[in-house]
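Quick notes on the structure that follows.
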């Protein structure tokens, strides 16, 4: 298992990224990590003089440029040909690595993936997928921003990929798949979701398809996999993350103000909650549908989140997820997809 | 000020709806409320024998049908011509009342409004708008579901209407207006938001327009008014409501488990939080752009939420909001709207 790790990407890179890699090669057997970034910075961070002194599971892939966190993806694609993100994708395209992991500029990482066209056979558009906590356990939401102009056949494929991910990675037997909508009744919403519902109903996935869910169902865990356009998914994911963060802060302050002697216990309870709602626990967002593996991490990822993402990439490869995806998509009669095209 | 109140709409109707009305006519001077619904049920709830015994500010508008909370709006429109929702809109269309308030089936209430075409001059599509709590104070989000196939010129008008609402009802001087998007940089997102941004930039609202915001900005209060398509707005609103509800419950349980002697104080703190994040405090969701006033309340609204919604309707009328909206929309050069049409 070989992984290209974008060492330059992230709010606090390269420190926590390298620390995550060091932990990963120490704990995951048979793992090799290519640290992609500025060679001298990497060595200096590891307090080494030359690459020969690296852990045998680590090697350095030097590159000269970094895509900043707030840089426009289009600009990065055009002007930063030797960025750590570009290099990661090159390594995967030439099969030097099996997977890439980046906590850098998400837009740029996804844009590079779309540019390489390194898509799995049968896949029309890859989808950025997140695992998030719900009342009934972890659920999968996709797409959260890879493709903001989705068509019904894209959403259908997201359902197939999300279901395979839930089954293999989250060990949910026969996961339910639902469509994000403005109401649960049939016929609700815009043309995109109405057309998509028809595709699901007449597909091999029809027995797992449970129809529409609303925004509030997301955190209730009404469905194991929730499918939506990248625009909607991105807004609802970021709003939820922001709300949890804000809420934990406000709630902790309020409760601490009212409690006099048991402040330590209250602090402990809130720390547990922070951990529970910490999306990094779930190991980053896989870009499903790539011929290879791409895990996108939060910019704020610490060593633990990076380690978890590397672990997810390794399990993804071991479970042969991509083979399952291609097989399942091949089972879908072509007429289903074609009939829905405008 | 005359209001038609849909007494039959809501999860626990008519009890809490009637109680809200009784409080409103007692406290708001010059208010007259038409209780729209089943006459005998209303009288029996008020423990009265005949309508002549009603408070002078109250009267009954009898109707025979009720739209259920989970009924399809299209079905209600066709088959329930004598529903309390239909009657409310009729009363407003014939100018018997200045405003309507309903905690019933939101989809049906909005659909009736669209069917009556009781739109303000210049308004292309009304927008369902919510006021929600953020770090910097209340903000306005619209549209949260009236129109799930919005065009750029609709979103632009939402901005105008939201700004006037924020200015007059929330007393925010020169409110900022932003566009919900998947990133804050210019050029992000889908065709709809890119076209809309151009409209804002070349409009009389350009000085208040601050560009794109992301999902996480919503609760941070980055902008006073956030504009989006009804599909996106509906999903993000319901997801946020669901998350707060879930989170308050989980957090309270967790903290209570860890605390031994100060459980009462913890409970008190969480009760305050529930109040703070209670959307009903903000008095329901106005359907902006209607030639009249329509306030949609949560199905779960209690007497206090209904009272607040009636109060909002009264202030809406007193502040002459609709006059401001028409004036401001008339200031927009026609070419702006026309150039954006596909």
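Protein chains in written order, with the working numbering: chain W, 1 to 342; chain Z, 343 to 684.
All C-beta atoms in this analysis are idealised placements derived from N, C-alpha and C, irrespective of residue type, glycine included.
Please read all numbers here as calculations on a predicted model, not as lab measurements.
With a threshold of 8 Å between beta carbons, residue 585 of chain Z makes contact with chain W. The beta strand (DSSP E) runs lying completely inside the stretch 462–517 of chain Z and spanning 3 residues or more are 469–474, 481–484, given in chain order.
Where residue 310 of chain W is concerned, the enclosing alpha helix (DSSP H) starts and stops at 303–318. Residue pairing for residue 551 of chain Z: DSSP places it in a beta bridge opposite Z:519.
Closest in alpha carbon position to residue 164 of chain W, among W:177, W:153, W:154, W:152, is W:177.
For residue 216 of chain W, the nearest CB of chain Z lies under 8 Å from its own CB, placing it at the interface with that chain. About 4 Å separates the Cβ atoms of residue 83 of chain W and residue 65 of chain W, confirming a contact at the 8 Å cut-off. Taking 8 Å as the threshold, the shortest C-beta distance from residue 577 of chain Z to chain W falls below it.
Rounded to the nearest angstrom, the gap between the Cα atoms of residue 585 of chain Z and residue 536 of chain Z is 30 Å. Between residue 385 of chain Z and residue 349 of chain Z, the C-beta gap is not smaller than 8 Å, which leaves the two residues out of contact. Judged by DSSP secondary structure, residue 112 of chain W falls within the alpha helix (DSSP H) whose first and last residues are 106–116. DSSP lists no beta-bridge partner residue for residue 537 of chain Z.
Distance between residue 262 of chain W and residue 597 of chain Z, taken at the CA atoms: about 10 Å. Annotation: the continuous alpha helix (DSSP H) that includes residue 73 of chain W extends over 73–79.
C-alpha of residue 430 of chain Z to C-alpha of residue 477 of chain Z: approximately 36 Å in a straight line. Neighbourhood of residue 614 of chain Z in chain W, by CB distance below 9 Å: 254, 258, in chain order.
Separation of residue 37 of chain W and residue 446 of chain Z (C-alpha to C-alpha, rounded to the nearest whole angstrom) is 58 Å. DSSP places residue 347 of chain Z within a strand segment (E or B) once states are collapsed to three.
Using beta-carbon distances, residue 105 of chain W does not count as an interface residue toward chain Z, since no partner is under 8 Å.
Against chain Z, the CB of residue 238 of chain W has a partner CB under 8 Å away; the residue lies at that interface.
In this structure, residue 460 of chain Z sits away from residue 668 of chain Z, with a CB-CB distance that is not shorter than 8 Å. Under the three-state reduction of DSSP, residue 432 of chain Z is assigned to helix.
Using beta-carbon distances, residue 490 of chain Z counts as an interface residue toward chain W, with a partner under 8 Å. The DSSP-derived three-state label of residue 32 of chain W is strand. A check of alpha carbon separations from residue 9 of chain W across W:299, W:158, W:39 identifies W:299 as the nearest. Look at the stretch 195–219 of chain W: the residues with a C-beta under 7 Å from a C-beta of chain Z are 214, 215, 216, 218, 219.
Here residue 511 of chain Z is buried, its C-beta having at least 16 other C-beta atoms within 10 Å. At a Cβ-Cβ threshold of 8 Å, residue 143 of chain W and residue 128 of chain W count as neighbours. Each of W:189, W:206, W:217, W:1 was checked against the Cα of residue 139 of chain W, and the nearest Cα belongs to W:217. Between residue 566 of chain Z and residue 517 of chain Z, the beta carbon gap of about 4 Å places them in contact (Cβ cut-off 8 Å). Taken through DSSP and simplified to helix, strand or coil, residue 19 of chain W comes out as helix. Taking 9 Å as the cut-off between beta carbons, the residues of the stretch 174–191 of chain W near chain Z are 180, 181, 182, 183, 184, 185, 186, 187, 188, 189, 190, 191, in sequence order.
Following the DSSP letters along the chain, one finds residue 273 of chain W inside the alpha helix (DSSP H) bounded by residues 263–276. At least one beta carbon of chain Z lies nearer than 8 Å to the beta carbon of residue 145 of chain W. Close to residue 268 of chain W, with beta-carbon spacing below 9 Å, are these residues of chain Z in chain order: 600.
For residue 102 of chain W, the enclosing beta strand (DSSP E) covers residues 99–102.
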